[in-house]
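Numbering (our numbering), first residue to last: 4 to 121.
C-beta atoms are modelled at their ideal positions from N, C-alpha and C, and glycine is treated no differently.
Take a look at the structure set out below.
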């Protein structure tokens with residue numbers, strides 16, 4: 004029996020979205036001690052892990068968390084880029100990648116929201 008049939012994976016895009024939010028949640032919790040425990044990174048991590056769980060279980064309420072995270076991530080990335088642009092290349096690239104990935108996965112989840120209702 005393949006992994007795809009065990010996990011009941013119907014759409015590889017939703018799996019990529021689930022992986023994105025799970026990885027963001029884990030990275031946020033990994034960065035917390037390095038950044039002296041700012042609460043906003045912890046909130047993004049918690050909401051990202053809850054969103055990944057909702058996508059895995061195909062819950063209808065997940066779309067609201069995705070939209071919420073869209074605005075939170077856009078604001079967070081824009082502020083980080085505004086204050087630290089040009090000072091740290093790795094931070095700049097990672098914030099731009101996070102911003103673009105958030106937009107892409109939010110748009111994808113919004114277009115495939117009917118799969119969350121099953």
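Alpha carbons only, please: which of the options is nearest the one belonging to residue i?
i           : options           : result
residue 98  : 21, 38, 82, 36    : 82
residue 59  : 104, 73, 13, 74   : 13
residue 22  : 105, 116, 80, 117 : 105
residue 31  : 113, 63, 101      : 101
residue 120 : 24, 57, 36, 37    : 57
Applying the 10 Å Cβ sphere with the 16-neighbour rule, what's the burial state of residue i?
i           : result
residue 110 : exposed
residue 47  : buried
residue 96  : exposed
residue 66  : buried
Mapping DSSP to helix, strand and coil, what is residue i?
i          : result
residue 91 : coil
residue 73 : helix
Check whether the region 12 to 20 and the region 28 to 44 touch, using three or more Cβ-Cβ pairs below 8 Å as the test. no
| said: I want to know whether the region 46 to 56 touches the region 87 to 96 - three or more CB-CB distances under 8 Å. | reply: no
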